[in-house]
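J.: Below is one structure. I have some questions about it.
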Amino acid sequence: MSERRLARMLHADVPTLFEAPLADDNPADVVLLGVPYEGILVGDRHTLYPPGSRPPESFYARFGADEAPDAIRKASLIYSLEHEGGVSAELGFTCLSEHLRIVDAGNHNLESSEAIACWAGQNGAATVALGGDHLVPYPLIRGLQSGQPRRMGVIVFDSHLDLHPSPPLWAGSQWQTLIQEGHLRPEDMTLIGARGVRQSMHEIQYARRNGVRVIPLEEVDEKGIPAVCEEVRERLSDVEAVYISLDIDVVDPAYCPAQKYPDAAGMSPREILSIMRAAVTTVPFAGFDLCCFSPRYDENQRGALTAARFALEAVYARLRETPGP
Numbered sequence: 001m002s003e004r005r006l007a008r009m010l011h012a013d014v015p016t017l018f019e020a021p022l023a024d025d026n027p028a029d030v031v032l033l034g035v036p037y038e039g040i041l042v043g044d045r046h047t048l049y050p051p052g053s054r055p056p057e058s059f060y061a062r063f064g065a066d067e068a069p070d071a072i073r074k075a076s077l078i079y080s081l082e083h084e085g086g087v088s089a090e091l092g093f094t095c096l097s098e099h100l101r102i103v104d105a106g107n108h109n110l111e112s113s114e115a116i117a118c119w120a121g122q123n124g125a126a127t128v129a130l131g132g133d134h135l136v137p138y139p140l141i142r143g144l145q146s147g148q149p150r151r152m153g154v155i156v157f158d159s160h161l162d163l164h165p166s167p168p169l170w171a172g173s174q175w176q177t178l179i180q181e182g183h184l185r186p187e188d189m190t191l192i193g194a195r196g197v198r199q200s201m202h203e204i205q206y207a208r209r210n211g212v213r214v215i216p217l218e219e220v221d222e223k224g225i226p227a228v229c230e231e232v233r234e235r236l237s238d239v240e241a242v243y244i245s246l247d248i249d250v251v252d253p254a255y256c257p258a259q260k261y262p263d264a265a266g267m268s269p270r271e272i273l274s275i276m277r278a279a280v281t282t283v284p285f286a287g288f289d290l291c292c293f294s295p296r297y298d299e300n301q302r303g304a305l306t307a308a309r310f311a312l313e314a315v316y317a318r319l320r321e322t323p324g325p
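Counting from 1, one number per residue, gives the positions in the sequence shown under the working numbering.
Structure representation (structure tokens):
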């Protein structure tokens, strides 16, 4: 007689990410979580709307990132650990469940996600988070640094710089706020994939003055992915851990149409995966977030599947990582 088990569900018809076990008080290697937070919204070229509001929806003003974690979890069933424990072809057909304890801590607000990240840092675990808008790395990095203070390098994939000085708790100012609070050094940040005209001169001026490395998409094309990977390794040579933040709008919308701020002719998922692998094989992996995915603009779950694949790669990072300097 076959053995039955209780399905790993968070609520309603939403499974855990990759059908991982639910988190408990026991140690883990990778803590998965959702942060379905959407704060300040861009209404138009001149107007920001406060958290909880909804501007008139247009192609310019989009929202729905707070719906992302559960949509990505549903698509992640294709990568379920129930497939013999998660046998990874990319890792030489290694069974993930035999080497890592992977748990899903459910959905959290900004405050409780910071507490989860702090617990992960204290216990040597990495966080893999599904946003939410791009303020999500703010509580996660604060928590990780509180739990285990380290010189942390940050690799950001984004078509925008997000280096505004204010308002301080916004998905366009999170990096300056983290730097000003002392959690990150600007010279340890590398922003990859900027394109289009939805930028501000004061952001690039801040980057140039403070040593933030910006690699626009055209430079990626000119140099090639191997050269970008080598520069990423060099820039991580003095740090103790790496955190990776992926705004889904860096991806070409042909692969993922479900973007709050879409911009044509972006990066391919495989290009991003290659750079992620270069980063996590240079220094230990601290955490990952994927933000600004909006399932209301998705097509046949194509974007959700792409987002789930990025999260899976972040789980792989715990087996790819090398000892710190």
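Where is the CB? At the ideal position from N, CA and C, for every residue including glycine. Predicted model, so just to flag it, every value in this text is computed and none were measured.
Whose CA, out of 137, 300 and 247, lies closest to the CA of residue 194?
T.: 247
J.: Which complete beta strand (DSSP E) runs does the stretch 152-195 hold, if anything under 3 residues is left out?
T.: 152-157 and 189-192
J.: Starting from residue 201 and walking both ways along the alpha helix (DSSP H), at which residues does that stretch end?
T.: 201-210
J.: How big is the Cα-Cα spacing for residue 80 and residue 120?
T.: Taking the straight line from one Cα to the other gives about 23 Å.
J.: Which complete alpha helix (DSSP H) runs does the stretch 38-102 hold, if anything under 4 residues is left out?
T.: 68-75 and 96-99
J.: Per the DSSP calculation, residue 259 is bridged to which residue(s)?
T.: 293
J.: By a C-beta neighbour count over all protein chains shown, 10 Å radius and 16 as the cutoff for buried, is residue 138 buried or exposed?
T.: buried
J.: Which residues does DSSP pair with residue 127 in a beta bridge?
T.: Within the DSSP secondary-structure output, residue 127 pairs in a beta bridge with 31 and 287.
J.: Would you list the residues sitting across from residue 11 in a DSSP beta bridge?
T.: Paired residue(s): 14.
J.: Under the three-state reduction of DSSP, which class applies to residue 132: helix, strand or coil?
T.: coil
J.: Using the three-state DSSP reduction, which class does residue 228 fall into: helix, strand or coil?
T.: helix
J.: Would you check if there are 3 or more beta carbon pairs closer than 8 Å linking the stretch 3-17 to the stretch 65-74?
T.: yes
J.: Report the rounded CA-to-CA distance for residue 142 versus residue 114, giving the unit in angstroms.
T.: Per the coordinates, the alpha-carbon of residue 142 lies some 7 Å from the alpha-carbon of residue 114.
J.: Residue 359 to residue 29, Cα distance in whole Å?
T.: Outside the displayed span of the chain (1 to 325) sits residue 359, for which this structure offers no information.
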